[in-house]
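Student: For what it's worth, this note's numbering labels the leading residue of the sequence shown as 94, then goes sequentially.
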Amino acid sequence: MKKIQYIFAAFALAASLCFVSCQKEEENNTPEENPSGVDYFADLEPSTETENRHAILEEYTGVNCGYCPDGHRISRDLAQQYEGRYFAINIHQGSFANKYTTQWGNALANQAGIDSYPSGTINRHVFSGSMSQNRGYWAQRVNYITNRTSCVNLAARCVVDTTSREMQICVKGRYTAKSDSATNMLNIALLQDSILGPQSDPNNYNAADHVGSKYRHMHMLRDLITDQWGDEITTTKRGDTFEKRYTYQIPEKISDEKVVLKDIEVIVFVALGRSEITTGIKADIILK
């Protein structure tokens with residue numbers, strides 16, 4: 094009789110262990126995902142400290158411009174030197190650009206007075222009477238900009254649904270000083286890296302971006318999410334803050350090139366009116 098009791102007891106113990114084990118395995122297989130409706134932007138906050146400006150180079154370029162790869166090389170070196178404080182927007186525009194142009198480039202180039210390629214504006218600042226700057230001056234101009242204080246600090250994050258290609262964007266700003274202009278404009282630029290295409294480079298200025306017979310185009314302007322000149326900010330005194338959210342549908346293609354989600358960048362900057370850029374940042378991007 095005791096033998097039978099022992100058998101039943103052993104069976105019950107084994108069954109209970111199996112139940113506990115199965116429960117734990119099921120719990121471990123539960124996906125660790127954010128609950129529906131989570132606010133990915135709740136912890137997003139700009140600094141409260143006065144900061145120096147970040148430099149934004151708007152580089153005017155084109156695939157038939159033999160000197161443009163030298164501009165790309167210079168820009169890459171500046172990005173390494175001023176990591177996190179310098180960002181490039183490559184705008185294919187003008188007579189050397191027969192691919193990758195956008196609806197935004199001509200108005201930007203006309204304002205800047207672009208008459209040679211490559212040329213660029215650094216924070217749309219006017220140096221020695223001209224907004225347009227030859228590539229030989231970029232390093233000097235970036236140094237000047239990054240040693241000036243900004244009136245506003247920014248924080249930005251984008252969340253991309255990789256199935257629907259819908260992007261949610263949140264930008265928050267904090268003014269640590271009164272703006273120099275009554276009109277401040279928030280600009281959001283969609284860029285794309287690693288687009289393989291043609292490029293004239295007869296002197297092999299930028300060998301690092303040659304991939305076989307193709308050229309790797311970086312930081313290419315794809316779209317201006319806040320349109321040509323941005324979205325107005327109305328609270329621009331010291332201590333003022335703002336928050337703006339946008340929903341943007343990322344196209345499958347732009348100018349016959351696939352928009353690859355893992356290769357996109359989003360650059361956010363504040364301009365005083367249409368010209369002087371006080372600072373800018375690269376937004377965090379979450380793919381989900």
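Think of the CB as a built atom: it goes at the ideal place given N, C-alpha and C, for glycine as much as any other residue.
Can you look up Cys161 in the DSSP assignment and give me helix, strand or coil?
Tutor: For this step, residue 161 is matched to residue 68 along the sequence shown. The answer is helix: DSSP assigns Cys161 an H, G or I state.
Student: Please state if the CB of Leu283 and the CB of Ile326 are separated by a distance shorter than 7 angstroms.
Tutor: Along the sequence shown, read from residue 1 onward, the residue named residue 326 stands at position 233. Along the sequence shown, read from residue 1 onward, the residue named residue 283 stands at position 190. Against a cut-off of 7 angstroms, the Cβ pair of Leu283 and Ile326 comes out as no contact.
Student: Straight-line CA distance for Asn203 to Gln186?
Tutor: On the sequence shown, position 110 is the one that residue 203 refers to. On the sequence shown, position 93 is the one that residue 186 refers to. Distance between the alpha carbons of Asn203 and Gln186: 11 angstroms.
Student: Assuming Arg367 is part of the beta strand (DSSP E), what are its boundary residues?
Tutor: On the sequence shown, position 274 is the one that residue 367 refers to. No beta strand (DSSP E) contains Arg367, which DSSP labels as neither H nor E.
Student: Quick check on Gly266: does DSSP put it in helix, strand or coil?
Tutor: Here the question's residue 266 lines up with position 173 in the sequence shown. DSSP places Gly266 in strand when its eight states are reduced to three.
Student: Quick one: give me the first and last residue of the alpha helix (DSSP H) that Asn145 is part of.
Tutor: Within the sequence shown, residue 145 is the residue found at index 52, counting from 1. It is not in any alpha helix (DSSP H) - Asn145 carries neither H nor E in the DSSP assignment.
Student: Rounded to whole angstroms, what's the CA-CA distance from Ile379 to Glu350? Just pull it up for me.
Tutor: For the purposes of this step, residue 379 is taken as residue 286 along the sequence shown, with counting starting at 1. For the purposes of this step, residue 350 is taken as residue 257 along the sequence shown, with counting starting at 1. Each residue's Cα considered, the two are about 22 angstroms apart.
Student: By Cβ distance below 6 angstroms, which residues in the same chain neighbour Asn127 in space, the five residues on each side in sequence not counted?
Tutor: Numbered from its first residue, the sequence shown carries residue 127 at position 34. No answer about Asn127 holds up, because its pLDDT of 45 lies below 50 and its placement is not dependable.
Student: Please go through the segment 155–237 and give each complete alpha helix (DSSP H) segment of 4 or more residues, from N-terminal end onward.
Tutor: 161–174, 198–205
Student: So with Cβ pairs under 7 angstroms, would you call Ala190 a contact of chain B?
Tutor: Here chain B cannot be found, since the structure has a single protein chain.
Student: Do the segment 306–316 and the segment 252–265 meet, that is, are 3 or more Cβ pairs less than 8 angstroms apart?
Tutor: no
Student: Is the number of C-beta pairs between the segment 135–154 and the segment 174–182 that are closer than 8 angstroms three or more?
Tutor: Touching, per the Cβ criterion.
Student: Tell me which residue opens and which closes the beta strand (DSSP E) that Phe134 is part of.
Tutor: Numbered from its first residue, the sequence shown carries residue 134 at position 41. From DSSP, Phe134 is part of no beta strand (DSSP E); its letter is neither H nor E.
Student: Considering only residues of the same chain and omitting the five flanking positions on each side of Ala190, which have a CB-CB separation below 6 angstroms?
Tutor: Walking along the sequence shown from the start, residue 190 turns up at place 97. Excluding sequence neighbours, Ala190 sits near Gly155.
Student: Start and end of the beta strand (DSSP E) containing Thr334?
Tutor: The sequence position of residue 334 within the sequence shown is 241, counting from 1. Taken as a continuous stretch (DSSP letters only), the beta strand (DSSP E) holding Thr334 covers 334–342.
Student: Give the DSSP-derived three-state secondary structure of Asp356 in the structure shown.
Tutor: As a working note, residue 356 is residue 263 in the sequence shown. Helix.
Student: Would you kindly check if the distance between the Cβ of Leu247 and the Cβ of Pro344 is under 7 angstroms?
Tutor: Taking the sequence shown and counting its residues from 1, one reaches residue 344 at position 251. Taking the sequence shown and counting its residues from 1, one reaches residue 247 at position 154. Cβ atoms of Pro344 and Leu247: not closer than 7 angstroms.
Student: Should Gln233 be labelled buried (16 or more other beta-carbon atoms within 10 Å of its own) or exposed?
Tutor: What you label residue 233 is simply residue 140 of the sequence shown in a count that begins at 1. By the 10 Å Cβ count, Gln233 comes out exposed.
Student: The beta strand (DSSP E) spanning Asn297 covers which residue range?
Tutor: Here the question's residue 297 lines up with position 204 in the sequence shown. Note, Asn297: premise wrong, no beta strand (DSSP E); not H, not E.
Student: Let me know the secondary structure DSSP gives Thr276 once reduced to three states.
Tutor: Here residue 276 refers to the residue found at position 183 when the sequence shown is read from its first residue. Coil.
Student: What is the DSSP secondary structure of Thr242, reduced to helix, strand or coil?
Tutor: The count along the sequence shown starts at 1 and reaches residue 242 at position 149. Here Thr242 sits in strand by DSSP.
Student: Quick check on Ile374: buried or exposed, where buried means 16 or more other Cβ atoms within 10 Å of its Cβ?
Tutor: Residue numbering aside, residue 374 sits at position 281 when the sequence shown is read from its first letter. The residue is buried, with at least 16 neighbouring Cβ atoms inside 10 Å.
Student: What residue from Glu152, Ala135, Cys161, Phe134 has the CA that sits closest to Tyr298's CA?
Tutor: To locate residue 298, count along the sequence shown from 1; it is residue 205. Minimum Cα distance to Tyr298 is reached at Cys161.
Student: Do Ile370 and Asn227 have their beta-carbon atoms positioned less than 7 angstroms apart in this structure?
Tutor: Indexing the sequence shown from 1 puts residue 227 at position 134. Indexing the sequence shown from 1 puts residue 370 at position 277. No, the Cβ-Cβ distance between Asn227 and Ile370 is not below 7 angstroms.
Student: Using a Cβ-Cβ cutoff of less than 7 angstroms, which residues in the same chain neighbour Pro211 once the five nearest sequence positions on both sides are dropped?
Tutor: By one-based count along the sequence shown, residue 211 stands at place 118. So the qualifying residues of the chain are Glu152, Tyr153, Thr154, Cys158, Tyr160, Cys161, Gly164, Arg228.
Student: Quick one: measure Cβ to Cβ for Ser225 and Ile207, integer angstroms, because I've assumed they're closer than 8 angstroms.
Tutor: Mapped onto the sequence shown, residue 225 falls at position 132. Mapped onto the sequence shown, residue 207 falls at position 114. Contact holds; Cβ gap of about 5 angstroms.
Student: So what's Glu120 in DSSP terms, helix, strand or just coil?
Tutor: Locating residue 120 in the sequence shown gives position 27, counting from the first residue. Any reading at Glu120 must be qualified, since the residue scores a pLDDT of 34, below 50, and its modelled position is unreliable; the value itself is stated next. Reduced to three states, the DSSP call for Glu120 is helix.
Student: Starting from Asp377, follow its DSSP beta bridges and name the residues at the other end.
Tutor: Locating residue 377 in the sequence shown gives position 284, where the first residue counts as 1. The secondary-structure analysis by DSSP pairs Asp377 across a beta bridge with Arg250.
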